[in-house]
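Chemist:
Protein chains: 2
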Amino acid sequence: MSRVSAVSIVEAIASDIRARVFSGELPALHALTETEVASSYDVARPTAKAAIEKLVAEGLLVRGVHKTARVADLGPESVRDIYLARAYLESEVLRRLASGRTVPDEAVRANKDIAALKTGAPLDVVEPDMRFHTSLVDALGNERISKMYLSLVGEVRFCMSRVQSLHLLDTNLIQAEHQKLLELIGEGKGEAAARLLDEHLGRARERLVAAMGGEAGPEADLPSKLTG
Amino acid sequence: MSRVSAVSIVEAIASDIRARVFSGELPALHALTETEVASSYDVARPTAKAAIEKLVAEGLLVRGVHKTARVADLGPESVRDIYLARAYLESEVLRRLASGRTVPDEAVRANKDIAALKTGAPLDVVEPDMRFHTSLVDALGNERISKMYLSLVGEVRFCMSRVQSLHLLDTNLIQAEHQKLLELIGEGKGEAAARLLDEHLGRARERLVAAMGGEAGPEADLPSKLTG
DNA sequence: CTTGTGTACTTGTTAGACAATCGAAGGGCG
DNA sequence: CGCCCTTCGATTGTCTAACAAGTACACAAG
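These protein sequence lines map, in sequence, to chains A and B.
Residue 44 in the UniProt record's numbering sits at position 44 of the first sequence; the count goes up by one each step and never skips.
Residue 98 in the UniProt record's numbering sits at position 98 of the second sequence; the count goes up by one each step and never skips.
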């Protein structure tokens with residue numbers, strides 16, 4: 001019985017389940033009954049229910065009326081939806097940042113961190129990569145946009161955890177493209193930045209889709225002018 | 001005691017409270033205790049609690065730990081945040097639609113509805129206006145973007161209900177600008193459409209801000225080239 | 001093989017209760 | 001007289017126990 005009620009028992013339980021889903025301990029479609037959760041955390045059923053409902057609202061779990069909650073199964077089409085949504089949001093963010101020539105310090109730092117780690121573990125890229133993109137969005141200073149992006153990031157992490165060790169992208173390329181994005185923003189070239197981002201995300205997207213058994217689009221390939 | 005439990009009692013109660021907030025029956029900062037809600041709808045307290053938590057998650061109500069929930073007070077800065085978020089989302093949507101020259105039928109229909117009503121009631125514009133913008137976003141076909149926009153629309157309706165009868169915008173101008181937006185999309189001129197939308201939303205935004213006691217930006221005025 | 005039924009499991013909702021915490025009112029002290 | 005501290009009421013967080021309602025699966029009958 002580990003009492004971790006830092007802020008709220010419900011929040012603590014939801015957090016733990018979230019972590020277990022991300023880590024892969026709870027596979028897709030795994031069933032989570034209220035009673036089961038309640039007894040495993042040694043809380044009452046309504047408490048477990050609240051935690052489950054919180055996660056359902058987040059989209060991490062799915063459930064119909066009177067049916068037991070299951071870990072969401074993000075298929076290839078969901079991955080594409082998520083990444084396209086990212087692209088829509090972020091490309092507009094880049095345009096707005098470029099029009100003010102705002103290059104966020106945090107983004108520069110995050111990309112330096114990516115350059116620093118030349119270790120072979122591809123999973124280490126995820127954290128600074130996310131930080132890079134998140135800091136760009138946050139630099140807009142719009143509360144609601146940041147919140148929207150946060151929910152997307154959660155889902156991105158989620159499906160990334162499913163293709164952890166696949167090594168779909170080259171770290172050097174990621175870092176180089178990020179660098180180029182920052183330069184374009186500084187030069188006020190919003191349109192070019194938006195286009196580069198589309199390629200950047202499109203490539204990750206279609207490779208991820210392919211890795212999950214979907215049919216990859218043409219964006220999976222490297223554009224010739226960037227190969228050098 | 002009208003049993004309207006179409007899908008769920010919790011959902012029905014949340015719906016009703018939502019409507020009452022929108023209608024202005026529940027003013028900003030109005031307190032909603034769990035017991036009060038429970039007894040007024042003749043349900044148990046946990047049920048009322050669930051409904052309140054749902055609305056808190058939506059952002060319609062706010063509450064801290066161990067404090068009673070209150071109707072959210074969307075001040076001028078929130079209104080600006082909401083409208084800017086709309087502009088960010090929608091301008092990107094217009095670009096993408098224009099690149100495929102996709103003019104959604106539903107948007108055309110909604111704008112015809114605006115043209116049809118020449119009645120003096122300015123509140124009648126709200127519904128088709130919302131439908132116009134929503135149908136554009138939905139035409140993208142991205143589930144998550146549509147969901148994000150939906151939450152914004154909810155908040156927009158909310159703050160519009162606070163300035164109901166102010167008659168901030170001319171119906172003819174709204175209709176004309178919508179028409180122009182559709183034309184630009186059909187011609188593939190995404191950049192121009194995005195710019196016009198910025199003006200369109202920026203004007204509504206700053207006038208709404210001013211009406212709520214904030215300091216209006218320069219976007220509140222009509223650009224000269226559109227006055228004719 | 002399909003259909004119908006029944007039982008077990010799970011969720012939706014309720015009731016009542018207790019502890020923890022917040023806000024405000026009231027008393028003591030400078 | 002004003003300010004700080006204590007106390008108390010109100011409200012929320014959580015629990016236990018229970019019943020109703022719906023789903024899913026197995027099993028039997030046609």
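Note that the Cβ used here is the ideal one computed from N, Cα and C, for glycine as well.
In this text the structure is predicted, and so the values were computed from the model without any measurement.
I want to see whether chain A comes within less than 9 Å of B/Pro46, judged by CB atoms only; does it?
Modeler: One-based indexing of the second sequence puts residue 46 of chain B at position 46. At least one chain A Cβ lies under 9 Å of B/Pro46.
Chemist: So, with DSSP's three-state summary, where would you put B/Ala139?
Modeler: For the purposes of this step, residue 139 of chain B is identified with residue 139 of the second sequence, where counting begins at 1. Correct three-state label for B/Ala139: coil.
Chemist: With 16 other CB atoms within 10 Å as the buried threshold, where does residue 294 of chain B fall?
Modeler: Nothing about residue 294 of chain B can be read from this structure; chain B reaches only from 1 to 228.
Chemist: Checking contacts by CB at 9 Å: is A/Met130 closer than that to chain B?
Modeler: Indexing the first sequence from 1 puts residue 130 of chain A at position 130. No, A/Met130 lies away from the interface with chain B (no Cβ there is under 9 Å from its Cβ).
Chemist: Skipping 5 residues on each side, what residues in its chain have a beta carbon closer than 7 Å to that of B/Ile17?
Modeler: Within the second sequence, residue 17 of chain B is the residue found at index 17, counting from 1. Hits under 7 Å: Ala51, Leu55.
Chemist: Measuring only between beta-carbons, confirm whether B/Met148 sits less than 9 Å from chain A.
Modeler: Position 148 of the second sequence holds residue 148 of chain B. It does: the Cβ of B/Met148 has a partner Cβ on chain A nearer than 9 Å.
Chemist: Per the DSSP calculation, B/Ala69 is bridged to which residue(s)?
Modeler: As a working mapping, residue 69 of chain B is identified with position 69 in the second sequence. According to the DSSP secondary-structure assignment, B/Ala69 is paired through a beta bridge with B/Leu32.
Chemist: Three-state secondary structure (DSSP) at A/Leu168?
Modeler: Along the first sequence, one-based indexing puts residue 168 of chain A at 168. A/Leu168: coil per DSSP, three-state reduction.
Chemist: Tell me, which residues are paired with B/Leu61 by DSSP?
Modeler: The residue you call residue 61 of chain B lines up with position 61 of the second sequence. Looking at the DSSP assignment, B/Leu61 forms a beta bridge with B/Val71.
Chemist: So, for B/Glu219: in the same chain, excluding its five sequence neighbours on each side, which residues have a beta-carbon less than 8 Å away from its beta-carbon?
Modeler: The count along the second sequence starts at 1 and reaches residue 219 of chain B at position 219. Contacts found: Glu199, Gly202, Arg203, Arg205, Glu206.
Chemist: Any chance the CB of B/Glu92 is under 8 Å from a heavy atom of the ligand PLP?
Modeler: Only the bare structure without any ligand can be found here, which leaves the ligand PLP out of the picture.
Chemist: Looking at chain A, is there any beta carbon in it that lies within less than 9 Å of the beta carbon of B/Arg96?
Modeler: Sequence index remark: in the second sequence, residue 96 of chain B carries index 96 (1-based). It does; some Cβ of chain A falls within 9 Å.
Chemist: To the nearest angstrom, how far is the alpha carbon of B/Ile13 from that of B/Ala48?
Modeler: Translated into positions along the second sequence, residue 13 of chain B becomes position 13. Translated into positions along the second sequence, residue 48 of chain B becomes position 48. Answer to the nearest angstrom: the Cα atoms are 8 Å apart.
Chemist: Between the segment 180 to 188 of chain A and the segment 161 to 172 of chain A, do three or more beta carbon pairs fall short of 8 Å?
Modeler: no
Chemist: Can a CB atom of chain A be found closer than 9 Å to the CB of B/Arg144?
Modeler: By one-based count along the second sequence, residue 144 of chain B stands at place 144. By this cut-off, B/Arg144 is an interface position.
Chemist: Show which residues of chain A have a CB atom less than 9 Å away from the CB atom of B/Ala57.
Modeler: Taking the second sequence and counting its residues from 1, one reaches residue 57 of chain B at position 57. Residues of chain A passing the Cβ test: Lys54, Ala57.
Chemist: Cβ of B/Leu117 within 9 Å of Cβ of B/Gly190?
Modeler: As a first step, residue 117 of chain B is located in the second sequence; it is residue number 117 there, counting from the start. As a first step, residue 190 of chain B is located in the second sequence; it is residue number 190 there, counting from the start. In this structure, B/Gly190 does not lie closer than 9 Å to B/Leu117 by Cβ.
Chemist: Given a cut-off of 9 Å, decide if B/Leu89 and A/Leu136 are closer than it, judged by their beta-carbon atoms.
Modeler: Translated into positions along the first sequence, residue 136 of chain A becomes position 136. Translated into positions along the second sequence, residue 89 of chain B becomes position 89. Not in contact: A/Leu136 and B/Leu89 (Cβ atoms no closer than 9 Å).
Chemist: Hey, could you find the ends of the alpha helix (DSSP H) A/Ala44 is sitting in?
Modeler: Counted from its first residue, the first sequence places residue 44 of chain A at position 44. A/Ala44 -> no alpha helix (DSSP H), and no H or E assigned at all.
Chemist: Mapping DSSP to helix, strand and coil, what is A/Val209?
Modeler: Translated into positions along the first sequence, residue 209 of chain A becomes position 209. Per DSSP, reduced to three states, the secondary structure at A/Val209 is helical.
Chemist: Hey, is A/Tyr41's beta-carbon within less than 9 Å of any beta-carbon in chain B?
Modeler: The residue you call residue 41 of chain A lines up with position 41 of the first sequence. Chain B places no beta carbon closer than 9 Å to that of A/Tyr41, leaving this residue out of the contacts.
Chemist: Taking 9 Å as the threshold (beta carbon to beta carbon), is A/Asp81 in contact with chain B?
Modeler: Mapped onto the first sequence, residue 81 of chain A falls at position 81. Yes, contact with chain B.
Chemist: Can you tell me whether B/Val121 is helix, strand or coil according to DSSP?
Modeler: To locate residue 121 of chain B, count along the second sequence from 1; it is residue 121. First, the residue type needs correcting, since residue 121 of chain B is Ala and not Val in the sequence shown. Residue state, collapsed to three classes: coil.
Chemist: Hey, does residue 230 of chain B have any beta-carbon neighbour from chain A nearer than 9 Å?
Modeler: This structure cannot speak to residue 230 of chain B, because chain B is shown only from 1 to 228.
Chemist: Against chain A, with Cβ distances strictly below 9 Å, would B/Arg3 count as a contact?
Modeler: In the second sequence, the residue the question calls residue 3 of chain B occupies position 3. Note that B/Arg3 scores a pLDDT of 33, beneath 50, so its modelled location is shaky and nothing firm can be said.
Chemist: Contact defined as beta carbons within less than 8 Å: I believe A/Ala85 pairs with B/Ile145. What is the distance between those atoms, to the nearest angstrom?
Modeler: To locate residue 85 of chain A, count along the first sequence from 1; it is residue 85. To locate residue 145 of chain B, count along the second sequence from 1; it is residue 145. With 8 Å as the limit, A/Ala85 and B/Ile145 qualify as a contact, their Cβ atoms being about 5 Å apart.
Chemist: Give a yes or no on whether 9 Å exceeds the smallest Cβ distance from A/Ala6 to chain B.
Modeler: As a working mapping, residue 6 of chain A is identified with position 6 in the first sequence. Caution applies to A/Ala6, whose pLDDT of 48 falls short of 50 and renders its modelled position unreliable; the value that the coordinates give is listed next. Closer than 9 Å: no.
Chemist: Run through DSSP, which three-state label would A/Ala14 get?
Modeler: As a first step, residue 14 of chain A must be located in the first sequence, where it is residue number 14. A/Ala14: helix per DSSP, three-state reduction.
Chemist: Could you give the DSSP three-state label for A/Pro104: helix, strand or coil?
Modeler: One-based indexing of the first sequence puts residue 104 of chain A at position 104. Note: A/Pro104 maps to coil in three-state DSSP.
Chemist: In chain A, which residues lie with their C-beta within 7 Å of the C-beta of residue 234 of chain B?
Modeler: Residue numbering for chain B in the displayed model covers 1 to 228; residue 234 of chain B lies beyond these limits and cannot be assessed.
Chemist: For B/Leu61, I'd like the list of residues in its chain whose CB is within less than 7 Å of its CB, leaving aside the five on either flank, ordered along the chain.
Modeler: By 1-based counting over the second sequence, the position of residue 61 of chain B is 61. These residues qualify, in order along the chain: Leu32, Ile52, Leu55, Ala69, Arg70, Val71, Ala72.
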